[in-house]
Amino acid sequence: MSLEFYDELLKSERFCESLGRLLLISGKLESALKSIVLASSIKVRYNLSRAMLGQLVGSCKEHELATEELSEVLEFILVRRNYLTHNLYPLFNDEIEYTLLPKDNLHPDDAEYYFPKCVEELIEYIEFAIDYINDMELKHNKS
0 MSLEFYDELL KSERFCESLG RLLLISGKLE SALKSIVLAS SIKVRYNLSR
50 AMLGQLVGSC KEHELATEEL SEVLEFILVR RNYLTHNLYP LFNDEIEYTL
100 LPKDNLHPDD AEYYFPKCVE ELIEYIEFAI DYINDMELKH NKS
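Counted from 1, the sequence shown has number 87 at position 88 by numbering that gives the first Met the number 0; the numbering is strictly sequential.
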């Protein structure tokens, strides 16, 4: 059922809507991380205006611009966001073995319920990270 399930994901309005929200909120997280990098005045080896989430997370970790808690959340987000955006087709086309999501014993309803729920939970982590960053900036601006 692998590629058939991928087709179910494509047909699922809830999954596609959730994935669209994930991409939009990821952009908001990238902007928040760019603000941290800009405020720190560190030198980066990439064009900051075109920076990708992984580069920004890496810079925040490398230069200790985020707390340990935030760094762990960002790494969690990065791995799962990248997996959802780059590995679903390879997963269901049997191109990759490692998986964060199930690919066996799936029912078509999983495309409408289980998979969107996974995306929605990731969105909650991203919202948490954005709020955390905003709180950090507020505290920094008050001092």
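The C-beta atom is built at its ideal place from N, Cα and C for all residues, glycine as well.
For residue i and residue j, what's the separation of their Cα atoms in angstroms?
i	j	result
Ile122	Glu12	17 Å
Tyr97	Asn140	43 Å
Ala110	Ser40	44 Å
Tyr45	Val56	13 Å
Glu120	Lys42	34 Å
Met147	Glu3	Look at the range of the chain in this structure, 0 to 142, and you will see that residue 147 is not part of it.
Tyr82	Leu18	12 Å
Ser25	Thr84	11 Å
Pro143	Asp103	The structure shown does not extend to residue 143, since the chain is modelled only from 0 through 142, so no value can be given for it.
Lys10	Glu126	26 Å
Cys117	Asp6	18 Å
Anyone know if the C-beta pair for residue i and residue j falls short of 8 Å?
i	j	result
Glu16	Ala50	no
Tyr131	Leu69	yes
Arg79	Leu99	yes
Pro101	Ile95	no
Using 8 Å for Cβ pairs, my map puts residue i next to residue j. What's the rounded Cβ distance?
i	j	result
Ala128	Val36	The Cβ separation is near 15 Å, so there is no contact.
Ala47	Lys33	The question names Ala, yet the displayed sequence has Leu at residue 47. Confirmed, about 6 Å.
Asp108	Ser1	Actually they are not in contact, since the Cβ atoms of Asp108 and Ser1 sit about 16 Å apart, beyond 8 Å.
Leu8	Phe14	5 Å
Phe75	Tyr124	6 Å
Sorted by chain position, which residues of the same chain lie with C-beta nearer than 7 Å to residue i's C-beta, five sequence neighbours on each side aside?
i	result
Leu137	none
Given residue i, which residues of its chain have a CB within under 6 Å of its CB, disregarding the five upstream and five downstream residues?
i	result
Ala65	Cys59
Leu87	none
Enumerate in chain order the residues of its own chain whose CB-to-CB distance from residue i is below 8 Å, with the five nearest sequence positions on each side excluded.
i	result
Gln54	Val43, Tyr45
Glu63	none
Asn133	Ala31
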